[in-house]
Structure formats: C-alpha cells, structure tokens
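Novice: Using our numbering, you'd call the opening residue of the sequence shown number 871 and step up by one each time.
Pasting in a structure now, in structure tokens, and then I'll have a few things to ask.
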Amino acid sequence: MDNLRIDSHKLIFHVSRVNDWLRGKTIYPLYLEIGLYGGCNHRCIFCAFDYLDYTLQMQDQRCLQRFLTEAAGRGVKSVLYSGEGEPLLHPAAPQIIAFTRNAGLDAALVTNGAFFSPSKAKILLKNLTWVKFSIDAATRNTYAAIHGTTPEDFDRVLVNVKEALRIRNRYGYACT
C-alpha cells in the first residue's frame, strides 16, 4: 500500500476497514477535517489559506449536523475543526462541537486561541478530544509579527490557554 501514499499509522487499528477496501467494498474516511468559518482575525505569514482572501463564509449549522449524523452512521470516527479560517469565529462553534461529540464522533480543534474565552471553554473542553492552540512564538512582538495581529492578542491567548487548563482540571475533562 506504500505506493498509494496512504498514511497507515492509524489504519493498523482499523484492519476491518482495510479488508473491506481490499474486497472492493465502499468505505468512508476515518477522519474528516472541516472548516467552520472562512474568515480569520489573524493574518499569519505561514497561512496556506491566505490565497482565499478570507471570504466570509460559514458552514450552515443544520446542514452540517445532518452531514455529521450521516458521517457517523457511515463509520467516520473523528472530525477536526480547522483550516480555511478561525473555527471559533463561527457563532455556533461550541454547539456544533457538542453535537459532533453527541453524534458519536471524536472532535478536535485547531485555533489561534483569541476566541477560546472562558465562557466557551467549558462547553468546548467537555466535548473535545484535543485542542491545539497555534501560538507559534515565544514573545508578544514575535507573535504579533507572525500572526499579523497585535501584541495584546498574545497576552489574551495566554490567558485563554491558562484559563482552559484551569477549567479542564476543575471539571475533570479528558481533553488534551
């Protein structure tokens, strides 16, 4: 299977899926990456989606919920909310992530952290398997230069990360 460029590190845990594929059965992905929102509050110098001009588009919540329900029924195991913008700019992001978990899917999030506020953190951390904060710098000024934002955003993100850890530990959430 190497010549197909399939990343097999998780396939070894899903041998029946591989066998179905080898037998010519229709199989579905184990994992989906979904962009909730097409805009972003940062202008990171490394962003691959910069060419999109951050068109302000967002996933329709009801349509996405129908899709997630079907995906879970087809054997999808997990969803990563990332890419094409900052997922937490979608006004229903916490509710969509909770729905994802309730549909039987693991949910993960990559965020710049500026909107990972304590009010959102409780519902997010309860329903996420893992979250990655894209900080990408050790100082406020470097962060501002890399993220195309203000040094104050660095401070806010660090506060949000610390608060997220406090909330996770206080409520015993398993999110990493």
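All residues carry an ideal CB built from backbone N, CA and C; glycine is no exception.
In this text the structure is predicted, and so the values were computed from the model without any measurement.
Please say whether ILE993 and ALA977 have beta carbons closer to each other than 7 Å?
Specialist: The sequence position of residue 977 within the sequence shown is 107, counting from 1. The sequence position of residue 993 within the sequence shown is 123, counting from 1. Result no, Cβ atoms of ALA977 and ILE993 do not sit closer than 7 Å.
Novice: Could you tell me the distance, in whole angstroms, from the CA atom of LEU902 to the CA atom of SER948?
Specialist: Translated into the one-based positions of the sequence shown, residue 902 becomes position 32. Translated into the one-based positions of the sequence shown, residue 948 becomes position 78. Straight-line Cα distance between these residues: approximately 6 Å.
Novice: Do the CB positions of LEU900 and TYR951 come within less than 7 Å of each other?
Specialist: Walking along the sequence shown from the start, residue 900 turns up at place 30. Walking along the sequence shown from the start, residue 951 turns up at place 81. 7 Å or more divides the Cβ of LEU900 from the Cβ of TYR951.
Novice: Would you kindly work out how many angstroms separate the C-alpha atoms of CYS933 and ALA941, rounded to a whole number?
Specialist: For the purposes of this step, residue 933 is identified with residue 63 of the sequence shown, where counting begins at 1. For the purposes of this step, residue 941 is identified with residue 71 of the sequence shown, where counting begins at 1. Roughly 12 Å separates the two Cα atoms.
Novice: Let me check understanding here. Comparing Cα to Cα, which of ARG893, HIS912 and LEU881 lies closest to ALA1015?
Specialist: Translated into the one-based positions of the sequence shown, residue 1015 becomes position 145. Per the Cα distances, HIS912.
Novice: In the DSSP assignment, find the unbroken alpha helix (DSSP H) run with TYR1013 in it and report its ends.
Specialist: By 1-based counting over the sequence shown, the position of residue 1013 is 143. Taken as a continuous stretch (DSSP letters only), the alpha helix (DSSP H) holding TYR1013 covers 1010 to 1017.
Novice: Specify, as a first and last residue, the run of the alpha helix (DSSP H) that LEU959 falls within.
Specialist: Residue mapping note: residue 959 aligns to position 89 of the sequence shown, counting from 1. Where LEU959 is concerned, there is no enclosing alpha helix (DSSP H), given that its DSSP letter is neither H nor E.
Novice: From the DSSP output, in three-state form, read off TYR901 for me.
Specialist: Here the question's residue 901 lines up with position 31 in the sequence shown. Of the three classes helix, strand and coil, the one that applies to TYR901 here is strand, per DSSP.
Novice: Apart from the five residues on each side of it in sequence, which residues of its chain come closer than 6 Å, Cβ to Cβ, to ALA973?
Specialist: Looking up residue 973 in the sequence shown gives position 103. For ALA973, where only same-chain residues beyond five positions count, the Cβ hits under 6 Å are LEU938, THR939 and ALA942.
Novice: Rank ILE897, PRO964, THR981 and GLY1018 by C-alpha distance to the C-alpha of VAL946 and give the top, closest one.
Specialist: Taking the sequence shown and counting its residues from 1, the one referred to as residue 946 is at position 76. Ranking ILE897, PRO964, THR981 and GLY1018 by Cα distance to VAL946 puts ILE897 first.
Novice: Can you look up THR1046 in the DSSP assignment and give me helix, strand or coil?
Specialist: The count along the sequence shown starts at 1 and reaches residue 1046 at position 176. Here THR1046 sits in coil by DSSP.
Novice: Please list the segments of the beta strand (DSSP E) lying wholly inside the stretch 943 to 1001, counting only runs of 3 or more residues, in order along the chain.
Specialist: 948 to 951 and 976 to 981
Novice: So what does TYR826 bridge to, in DSSP terms?
Specialist: Only positions 871 to 1046 of the chain appear in this structure, which leaves residue 826 out of reach.
Novice: Give me the residue from PHE969, SER989 and LEU995 with the minimum Cα distance to VAL980.
Specialist: Indexing the sequence shown from 1 puts residue 980 at position 110. Of the candidates PHE969, SER989 and LEU995, the one whose C-alpha sits nearest the C-alpha of VAL980 is LEU995.
Novice: Less than 7 Å separating the beta-carbons of GLY908 and GLU954?
Specialist: On the sequence shown, residue 908 is found 38 positions in, with the first residue counted as 1. On the sequence shown, residue 954 is found 84 positions in, with the first residue counted as 1. Contact annotation: GLY908 and GLU954 have beta-carbon atoms nearer than 7 Å.
Novice: Alpha carbon to alpha carbon, how far is ASP1025 from GLN935?
Specialist: If you number the sequence shown from 1, residue 1025 lands on position 155. If you number the sequence shown from 1, residue 935 lands on position 65. Distance between the alpha carbons of ASP1025 and GLN935 is about 34 Å.
Novice: Tell me the DSSP secondary structure of PHE937 in three-state form.
Specialist: Locating residue 937 in the sequence shown gives position 67, where the first residue counts as 1. Three-state result, PHE937: helix.
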